[in-house]
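Chains as they are written, first to last, in UniProt numbering: chain L, 1 to 266; chain C, 1 to 359. Positions of the beta carbon are idealized from the N, C-alpha and C atoms, including for glycine. Below: one structure, written as structure tokens.
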Amino acid sequence: MLLNLNRLGWWKLVLFGITVLTTAFLLLPILFIAALSFGSSQWLIFPPPSWTLRWYQELFADPRWLASAWTSFQIAIIVTVLSVLLGLATSFGLTRGRFAFREGLKALFLTPMILPVVVLAVALYAFFLKIGLNGTLTGFVISHLVLALPFSILSIGNALEGFDKSIEDAAVLCGASPLEAKVRVTLPAISHGIFSAAIFSFLTSWDEVVVAIFMSSPTLQTLPVKVWATLRQDLTPVVAAASTLLILLTVLLMVLVAVVRKGLKS
Amino acid sequence: MSKPFLQIRGIRKEYGPVTAVQDVNLDVAQGEFLTFLGPSGSGKSTTLYILAGFEDPTGGDILLNGESLLSTPSHKRNIGMVFQRYTLFPHLSVGENIAFPLKVRRLPKAEIDAKVRQMLKLVRLEGFEDRKPAQMSGGQQQRVALARALAYDPPVLLMDEPLSALDKKLREEIQHEIRRIHQQTEVTILYVTHDQEEALRLSDRIAVFSKGVIDQIGTGPELYANPATRFVAEFIGDSDFLPCNVVSAGNGRAEIAICETMTVADIPLHGTASSGSKAALMLRPERLLLSKRQSESGLPVTVSDITFLGNNVHVATKTSKGNNLSVRLPFGHEAISGLNRGDAVWLKFDAESAHVFGQ
Ligand SMILES: Nc1ncnc2c1ncn2[C@@H]1O[C@H](COP(=O)(O)OP(=O)(O)OP(=O)(O)O)[C@@H](O)[C@H]1O
Ligand SMILES: [Mg+2]
Chain L
1 MLLNLNRLGW WKLVLFGITV LTTAFLLLPI LFIAALSFGS SQWLIFPPPS WTLRWYQELF
61 ADPRWLASAW TSFQIAIIVT VLSVLLGLAT SFGLTRGRFA FREGLKALFL TPMILPVVVL
121 AVALYAFFLK IGLNGTLTGF VISHLVLALP FSILSIGNAL EGFDKSIEDA AVLCGASPLE
181 AKVRVTLPAI SHGIFSAAIF SFLTSWDEVV VAIFMSSPTL QTLPVKVWAT LRQDLTPVVA
241 AASTLLILLT VLLMVLVAVV RKGLKS
Chain C
1 MSKPFLQIRG IRKEYGPVTA VQDVNLDVAQ GEFLTFLGPS GSGKSTTLYI LAGFEDPTGG
61 DILLNGESLL STPSHKRNIG MVFQRYTLFP HLSVGENIAF PLKVRRLPKA EIDAKVRQML
121 KLVRLEGFED RKPAQMSGGQ QQRVALARAL AYDPPVLLMD EPLSALDKKL REEIQHEIRR
181 IHQQTEVTIL YVTHDQEEAL RLSDRIAVFS KGVIDQIGTG PELYANPATR FVAEFIGDSD
241 FLPCNVVSAG NGRAEIAICE TMTVADIPLH GTASSGSKAA LMLRPERLLL SKRQSESGLP
301 VTVSDITFLG NNVHVATKTS KGNNLSVRLP FGHEAISGLN RGDAVWLKFD AESAHVFGQ
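Below, the structure is given as structure tokens:
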């Protein structure tokens, strides 16, 4: 090994310190929010004078919070399904196809990842204004799909690159039609890529706030938009409770990814 | 003679400006083990892929039992194939891999189970059915691949350098297995390799590929004793070539002069040559006789190196014109005792063991 921990001496302590500080820097805001969501202070005083579940009760009692959570969930699920399906089709085309500009096309599909989200949001907003999709579920789905698809293409594409086409050919010679061979052999073999694509697509939509602000209407908003809007009106610990739940779901999904990936690899 | 089982008729394949296969013609008998032998890029794999239906030929036809295969898609050709790379389905166990072609054919479960057991026995991997491919060695994986390809009793089995990823010892072991399985199942096998030893060990007949055409088809001994082209002579067995002048030619025989000092008559001639033209004389190291005594009928050469190779001794020599000729003699041969580098010796050969290749 290039870096032998046992021979570092007191540098080991320095490294340890840096690690602790970095972790704290990354985690403290999240822990702070979580602590506030259980705090009794109406004004988000820290440290909280005492602990309560009141804000969670208020959150679950308010139909507007539930409605926005449901909207977010619906959109994220539809985006996930479409993103995986389109990602599969695109990846097959990009890795198996033989045509000019293939590399160029590959790069083009990934541009939403590097384009500033605001630019995308404004463009989508202007376009949807023309065709009347702003404030609709369809509008949300399409715009989040634009953001999610690159992740899907990237992870499915990578899995497919690493999959030897001869294995699919072998299935075809065994008597499986080209489609059957893909469904019964290729898809299971690249399932880790498909799974990552699904999780990242879901999280992309679930967490997204910039595009969603442009797309939302008073009657249709996602959870992050609701958090943002509520914050602007009044500072209530219910927002902290909602944020904590948002983070919790994200963390759970990431853990799921780690566990399933380990299972799929072995 | 009955109609040939598998006929390859004038197959061509071009990739843009590249001609991968120029004009391949071949008749294969039922139950035959035929090997495509040739250097890298000579079109062996392409021919096999056309048979499998993964590539469409730009010309020609393939007939199985007298019927064209070309309009049948790959998955309906019922052909078996073992690939160069490991192609077991990674998420399925060994047993499920072998069962795959049978499940696709919707056979009843009892029949599938029986066949899987029979196939595992054939490749001597009983007890491995629950393993995943990743838990098997390369040689074992190729044996499972063989079992999977034979499970549906294909009329033809294609094998594209299935052993090239294995080390020498394992390769020889599996070559024996393949031979035994061929004899046991009587399946027709088309086998690709660029290893002449493997080709000679396995095949009934060998088709030597060169630049997209078959130079010659024949049994190993036929190719060795009677190479049709200089390329085949170089590829099967060891050989050295000497430039020579043709004195006279006719009836597939030639009289030639080498190094201006020696003429030999009645050597088998391949290609065209006429009196006065230049040609190449092929000599095999193990067919040359070496003598320390000067003789009129011998070719004078100088010993440039002597190498001990176990049961053989390899003597490298040079002619007066600077051409290299190797001689292989059994260890302990009296001609070698006391032989030193730089010694002058005389080489003789039988006209029947030599070949002249004209232009
Ligand atoms: N898809 C392709 N596109 C362009 N050229 C190709 C393609 N496939 C094969 N070729 C060319 O066709 C020729 C024959 O290739 P082929 O794979 O049949 O050779 P081979 O005899 O199997 O060689 P090897 O021993 O290296 O496997 C080669 O020159 C190769 O570069
Ligand atoms: Mg090849």
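query	result
Span separating the alpha-carbon of residue 214 (chain C) from that of residue 77 (chain C)	24 Å
Residue nearest to residue 242 (chain L) in terms of C-alpha spacing, selected from L:27, L:58, L:106	L:58
Straight-line Cα distance separating residue 10 (chain C) from residue 51 (chain C)	13 Å
Three-state secondary structure (DSSP) of residue 1 (chain C)	Because residue 1 (chain C) carries a pLDDT of 46, less than 50, the predicted location of this residue cannot be relied on, and the following value inherits that uncertainty. Residue 1 (chain C): coil per DSSP, three-state reduction.
Closer than 7 Å: residue 42 (chain C) CB and nearest ligand 1 heavy atom	yes
Simplified DSSP state of residue 136 (chain C), which is helix, strand or coil	coil
Rounded separation between residue 99 (chain L) and residue 198 (chain C) - CA only	39 Å
Pair within 8 Å by beta-carbon distance, residue 79 (chain L) and residue 201 (chain L)	yes
Residue 56 (chain C): CB within 7 Å of a non-hydrogen atom of ligand 2	no
Residue 201 (chain L) CB to nearest heavy atom of ligand 2 below 7 Å	no
Cβ-based neighbour list, residue 1 (chain C), same chain, cut-off 6 Å, excluding 5 preceding and 5 following	Note that residue 1 (chain C) scores 46 on pLDDT, short of 50, meaning its location in the model is unreliable; the coordinates nonetheless yield the value given after this. None.
Spatial distance of residue 189 (chain L) from residue 196 (chain C) (CA atoms)	36 Å
Residue 213 (chain C): CB within 7 Å of a non-hydrogen atom of ligand 2	no
Span separating the alpha-carbon of residue 53 (chain C) from that of residue 169 (chain L)	10 Å
Rounded C-alpha distance that separates residue 166 (chain L) from residue 103 (chain C)	20 Å
Exposure label - residue 42 (chain C); buried when at least 16 CB within 10 Å	buried
Any non-hydrogen atom of ligand 2 closer than 7 Å to residue 186 (chain C) Cβ	no
Host beta strand (DSSP E) of residue 192 (chain L) (start-end)	Careful: residue 192 (chain L) lies outside any beta strand (DSSP E), inside the alpha helix (DSSP H) at 191-207.
Straight-line gap, residue 23 (chain C) to residue 127 (chain C) (C-alpha atoms, nearest Å)	46 Å
Proximity winner among C:162, C:129, C:168, relative to residue 178 (chain C) (alpha-carbon distances)	C:162
Contact set between residue 52 (chain C) and chain L, taken where Cβ atoms lie within less than 8 Å	169, 173
Rounded Cβ spacing between residue 152 (chain L) and residue 83 (chain L) (contact assumed at less than 8 Å)	4 Å
Cutoff 8 Å: residue 152 (chain C) Cβ touching any chain A Cβ	Among the protein chains in the structure shown, which are L and C, there is no chain A.
Closer than 8 Å to chain C by CB, residue 201 (chain L)	no
Distance cut-off 7 Å: residue 207 (chain L) Cβ against heavy atoms of ligand 2	no
Spatially closest choice to residue 187 (chain C) from C:224, C:81, C:283, C:295, by CA coordinates	C:81
Residue from C:201, C:290, C:272, C:268 with nearest C-alpha to residue 282 (chain C)	C:268
CA-to-CA distance, residue 183 (chain C) to residue 172 (chain C), given in whole angstroms	17 Å
is_contact[residue 180 (chain L), chain C] using C-beta, thresh 8 Å	yes
Residue 251 (chain L) to residue 259 (chain L) span [Cα, whole Å]	12 Å
First and last residue of the uninterrupted beta strand (DSSP E) at residue 250 (chain C)	240-250
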